[in-house]
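A.B. asks: Following this message is one structure expressed as structure tokens.
Structure below.
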């Protein structure tokens, strides 16, 4: 017999089992001229059993990541055929986490950013899909073609260009093991949500005026919560191309005294407000 014509039937036809778990299967045949049947595996065997047309096989704790037991049948005419059982050993991730990989803090409308999803110790990776969702709608998915059966750490990177409508939206990623009807349903582990904070460039010119009078002439220094993208060294007036929310402090100093002026900026997508204190 070749494998295709070997009249052995496995029930169930394939096994999906969690690492460390148990399973049982029955090997049977409709062939009448059977001398006996047996099982061989790397975790023990069932010796040749005479005059049977079905033979069970059981594993109480599967500790291997690659496992392929074989049922064999001897016929009265001296022929033998074998059939291997397809076994998928799986492990859900220890954790699924999402983090920004290209920036810290708020995002700016229209610019490109990347988010990273890390999946820790999952197997088998060829059955893994990573699904990205925003407001519970799928926006990206990724699968893997590695043949490694042992647990691995995988990652997925999402490139986004946020709009003002994304401000406050939540993104999460989920690791899904596609194990078929024999596997657990659903086999999904999701990250905690990542909230998008999106700031928008303002079309109005931003002016921070710290001009002070004094004798001797004062010098100026600035402290800002974000890079201002302009030269601030000894500048009384700044006109940065964009302002993000926060408190901007300007200090005017001469030999007699120093004074600090505070600008508190609230930036919205359609207008901005600067409070000068």
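In UniProt numbering, the protein residues as written are 1 to 277.
Where a beta carbon is used, it is the ideal one built from N, C-alpha and C, also for glycine.
#1: Which class does residue 5 belong to by DSSP, given the choice of helix, strand or coil?
#2: When you compare the stretch 71-81 with the stretch 169-188, are there three or more beta-carbon pairs, one atom per stretch, that lie closer than 8 Å?
#3: Am I right that residue 119 and residue 147 are in contact with their C-beta atoms under 8 Å? What's the rounded C-beta distance?
#4: Measuring CA to CA, which of 50, 45 and 133 is closest to residue 35?
#5: Taking all protein chains shown into account, do 16 or more other C-beta atoms lie within 10 angstroms of the C-beta of residue 59, making it buried, or fewer, making it exposed?
#6: What does DSSP give as the partner residue(s) for residue 14 in the beta ladder?
#7: Rank 163, 187, 47 and 102 by C-alpha distance to the C-alpha of residue 129 and give the top, closest one.
#8: Determine the burial state of residue 158: buried for a count of at least 16 other Cβ atoms within 10 Å of its Cβ, exposed for fewer.
#9: When you compare the CB positions of residue 290 and residue 26, do they come within less than 7 Å of one another, or not?
#10: For the putative contact between residue 6 and residue 37, defined by C-beta atoms under 8 Å, what is the C-beta separation to the nearest angstrom?
#11: Look at the alpha carbon of residue 152 and the alpha carbon of residue 144, and state the distance between them as a whole number of angstroms.
#12: Which ranges does the beta strand (DSSP E) cover as unbroken runs of at least 3 residues, wholly within the UniProt domain "Ig-like" (93-176), from first to last along the chain?
#13: Confirm, please, whether the CB-CB distance from residue 210 to residue 250 is below 7 Å.
#14: Classify residue 88: buried if its beta carbon has 16 or more other beta carbons within 10 angstroms, exposed otherwise.
C.D. replies: By the coordinates alone:
#1: Three-state result, residue 5: helix.
#2: No: fewer than three Cβ pairs fall under 8 Å.
#3: At roughly 17 Å, the Cβ-Cβ gap does not stay under 8 Å, so residue 119 and residue 147 are not in contact.
#4: Nearest of 50, 45 and 133 to residue 35, Cα basis: 50.
#5: Around the C-beta of residue 59, 16 or more other C-beta atoms lie within 10 Å, and the residue is accordingly described as buried.
#6: Checking the DSSP bridge columns, you'll see residue 14 partnered with 86.
#7: The shortest CA-to-CA distance from residue 129 to any of 163, 187, 47 and 102 is the one to 187.
#8: By the 10 Å Cβ count, residue 158 comes out buried.
#9: In the structure as shown, the chain begins at 1 and stops at 277. Residue 290 is therefore absent and cannot be evaluated.
#10: So it is not a contact: roughly 12 Å between Cβ atoms.
#11: The alpha-carbon separation between residue 152 and residue 144 amounts to approximately 12 Å.
#12: Here the runs fully enclosed are 95-100, 113-122, 128-134, 137-143 and 152-160.
#13: The answer is yes: Cβ separation under 7 Å.
#14: By the 10 Å Cβ count, residue 88 comes out buried.
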